[in-house]
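Q:
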Amino acid sequence: MTTNTRYSIGSRFLHWLIALLVLVLVPVGIIMAGRAEINLFDDLTNTLYAWHKAIGFSVLLLMIIRVVVRAQGGSPPYPRSLARGQTVAATALHHLLYLLLIVTPLAGWAAVTAFPALITLGGYNLPAMPLVPQDQSLATRLFAIHGSLALVLAALIIGHIGAALLHRFVSKDGIFERMWFGRN
Ligand code: HEM
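Going letter by letter, the sequence shown gives residues 4 to 187 in the numbering used here.
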């Protein structure tokens, strides 16, 4: 009997696609929010907002697919050489990343629904989030929550990347390869 040493191809593809999108979203979000803060609402700011909303909403949809793919495909077992504490910490961090990758875009979507500012690329509107009323003060609170969640997410992602690189270049224990491409 062979045991899978890598995540399913679907999980790996979604992992790297979502990673790329989030790496774009965070700096774009910080830059556009900074421009809005100083009331600089020119074409560039509007374009950054439109892309941020479109990519952020895509991340939400991709995360829903990812959860389903992960639930079906499971995850490969950790090597026995890994200490129990390390596997528990890694699993907890991964669950937290999943949670934030769903709750952060949900908060952004709720905020633009309440504002309302649903317009995105090409003049298309995102759907309004059901049950969220149009209310400026609610939107302000939701934007603050969205921004804070995004910064916590960014900090955890830095830790996650650091751990992955340690496994790849220092421990060389095959953990990084679980999410990389190649034959099983
Ligand atoms: C994983 C997904 C997402 C990440 C990582 C993310 C990240 C960020 C970051 C870092 C900021 C800047 C916060 C600040 O400096 O105050 C921001 C702001 C913003 N985000 Fe997102 N975002 C995501 C999804 C979304 C979605 C789905 C929407 C709406 C459909 C959205 C709409 C906005 C808006 C309108 C702002 C500006 C808030 C303001 O002007 O105060 N974001 N986001």
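Idealized CB from N, CA, C, for every residue including glycine.
1) To the nearest angstrom, how far is it from the Cα of A86 to the Cα of P79?
2) So who's on the other strand from T49, going by DSSP bridges?
3) Based on Cα-Cα distance, which residue from V155, A93, F146, S11 lies nearest to A39?
4) Beta carbon of M182, beta carbon of Y10: below 9 angstroms?
5) Is it buried or exposed for I161, if we count other Cβ within 10 angstroms and need 16 for buried?
6) Helix, strand or coil: which one does DSSP assign to I122?
7) Suppose you measure from the CA of M105 to the CA of R171; what does that come to, to the nearest Å?
8) Just to confirm, are F60 and W112 a CB contact at a threshold of 9 angstroms?
9) Return yes when the C-beta of L99 is under 8 angstroms from any heavy atom of ligand 1, and no when it is not.
10) How is the alpha helix (DSSP H) around W112 delimited, first residue to last?
11) Exposed or buried, T123, counting other C-beta atoms within 10 Å across all chains shown (16 or more means buried)?
12) Name the DSSP bridge partner or partners of N128?
13) Does the stretch 11–20 touch the stretch 59–77, meaning 3 or more C-beta pairs lie closer than 8 angstroms?
14) Can you tell which of Y52, Y101, W54 has its C-alpha closest to the C-alpha of R69?
15) Per DSSP, what kind of secondary structure is V62 in: helix, strand or coil?
16) Would you identify the three-state DSSP class for W19, choosing helix, strand or coil?
A: In this structure, then:
1) The residue labelled residue 86 in the question sits at position 83 within the sequence shown. The residue labelled residue 79 in the question sits at position 76 within the sequence shown. When rounded, the distance between both Cα atoms is 16 angstroms.
2) Within the sequence shown, residue 49 is the residue found at index 46, counting from 1. The sequence as given places Asn at residue 49; Thr does not occur at that position. The bridge partners DSSP lists for N49 come to none.
3) Taking the sequence shown and counting its residues from 1, the one referred to as residue 39 is at position 36. Minimum Cα distance to A39 is reached at F146.
4) Position 179 of the sequence shown, counting from 1, holds the residue named residue 182. Position 7 of the sequence shown, counting from 1, holds the residue named residue 10. Going by C-beta atoms, M182 is nearer than 9 angstroms to Y10.
5) Numbered from its first residue, the sequence shown carries residue 161 at position 158. In this structure I161 is exposed. Its beta-carbon is surrounded by fewer than 16 other beta-carbon atoms within 10 angstroms.
6) As a position in the sequence shown, residue 122 is number 119, starting the count at 1. Three-state DSSP puts I122 in a strand.
7) Sequence index remark: in the sequence shown, residue 105 carries index 102 (1-based). Sequence index remark: in the sequence shown, residue 171 carries index 168 (1-based). Here residue 105 turns out to be Ile, not Met, going by the sequence shown. About 27 angstroms.
8) In the sequence shown, the residue the question calls residue 60 occupies position 57. In the sequence shown, the residue the question calls residue 112 occupies position 109. Between F60 and W112, the C-beta gap is smaller than 9 angstroms, which places the two residues in contact.
9) Here the question's residue 99 lines up with position 96 in the sequence shown. Not so, every heavy atom of ligand 1 lies at least 8 angstroms from the Cβ.
10) As a position in the sequence shown, residue 112 is number 109, starting the count at 1. 87–117 is the span of the alpha helix (DSSP H), which, as asked, contains W112.
11) Reading the sequence shown from its first residue, position 120 is the one you call residue 123. Result: buried.
12) The sequence position of residue 128 within the sequence shown is 125, counting from 1. Beta-bridge pairing by DSSP links N128 to I122.
13) With the cut-off at 8 angstroms, the stretch 59–77 and the stretch 11–20 touch.
14) Position 66 of the sequence shown, counting from 1, holds the residue named residue 69. It is Y101 whose Cα lies nearest to the Cα of R69.
15) Here residue 62 is taken as the residue at index 59 of the sequence shown, counted from 1. If DSSP states are grouped into helix, strand and coil, V62 belongs with the helices.
16) Against the sequence shown, residue 19 aligns to sequence position 16. Collapsing the DSSP output to three states places W19 in a helix.
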